[in-house]
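*Asks:* Got a structure for you, written out below as structure tokens; questions coming shortly.
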Amino acid sequence: MYLMYNFFIPEETKVEEGEVSTMSATVISDAMVMSAAEPQPVAAKLCDQIEVTYVKCDCCGLTEECTITYIERIRERYQGKWICGLCAEAVKDEIVRCERLISTEDAMNRHMNFCKKFNSAGPPANPAVHLISAMRQILRRSLDSPRSVRSMPSSPLTIGGGIERAGLARSESCFATLSLVEEHNE
-12 MYLMYNFFIP
-2 EETKVEEGEV
8 STMSATVISD
18 AMVMSAAEPQ
28 PVAAKLCDQI
38 EVTYVKCDCC
48 GLTEECTITY
58 IERIRERYQG
68 KWICGLCAEA
78 VKDEIVRCER
88 LISTEDAMNR
98 HMNFCKKFNS
108 AGPPANPAVH
118 LISAMRQILR
128 RSLDSPRSVR
138 SMPSSPLTIG
148 GGIERAGLAR
158 SESCFATLSL
168 VEEHNE
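The opening residue of the sequence shown carries number -12 in our numbering; numbering runs sequentially from there.
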């Protein structure tokens, strides 16, 4: 690799009365030969962080494009298995919903069994109805799971002298009535 350095050295001129001063400069150029250095460990780490690869989730089979360092970090966290972001959230939810304290590995095994059952069932007869029932099940699960303390909760309920979490007051069901409408060609 060649690098060219330019140095500007100003030259002084003697100014007589009535003359205009001009400034000139001499340019000195030096060419230097520099050898390429060996790759630095930092450069290798940056290259690994930038290099992406496709990886398939061990639970649901979803394929994601991730960096190698991220893949290694996730595999360390989940006993050598790659888990996508959706399944990782499901594993966390499984830990929170369980009535007794379970390990991450137990929660992951539960979720993997659920995914295997789900994938082996095959496609539903009516995908729209299946989606609606799945969303209903997710909503019911989320309403049944323990709540964390919110920053601005509504008024807490007082039951038996103790303060319980806030409740929702409603006059009707919050679930809309869903009915399957079939179109008939006449």
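Beta carbons are placed, not taken as given, at the ideal position from N, Cα and C, and that holds for glycine.
In this structure, how does DSSP classify Cys102 when only helix, strand and coil are distinguished?
*Replies:* Of the three classes helix, strand and coil, the one that applies to Cys102 here is helix, per DSSP.
*Asks:* So the candidates are Glu38, Asp80, Cys46, Val83; which of them puts its Cα closest to the Cα of Ser107?
*Replies:* Comparing Cα positions, the closest option is Cys46.
*Asks:* Could you compute how far the alpha carbon of Ser90 sits from the alpha carbon of Ile82?
*Replies:* Roughly 7 Å between the two C-alpha positions.
*Asks:* Excluding the five sequence neighbours on either side, which residues of its own chain have a C-beta within less than 8 Å of the C-beta of Cys71, listed in chain order?
*Replies:* Same-chain partners within the cutoff: Cys44, Cys46, Cys47, Leu49, Glu51.
*Asks:* Leaving out five residues on either side along the sequence, give the residues of the same chain with a beta carbon under 6 Å from the beta carbon of Val78.
*Replies:* So the qualifying residues of the chain are Ala94, Met95, His98.
*Asks:* For Val116, is the classification buried or exposed, using 16 other Cβ atoms within 10 angstroms of its Cβ as the cut-off for buried?
*Replies:* With fewer than 16 Cβ atoms within 10 Å of its Cβ, Val116 is classed as exposed.
*Asks:* When the Cα atoms are used, what is the spatial distance from Glu38 to Asp131?
*Replies:* The alpha-carbon atoms of Glu38 and Asp131 are separated by roughly 42 Å.
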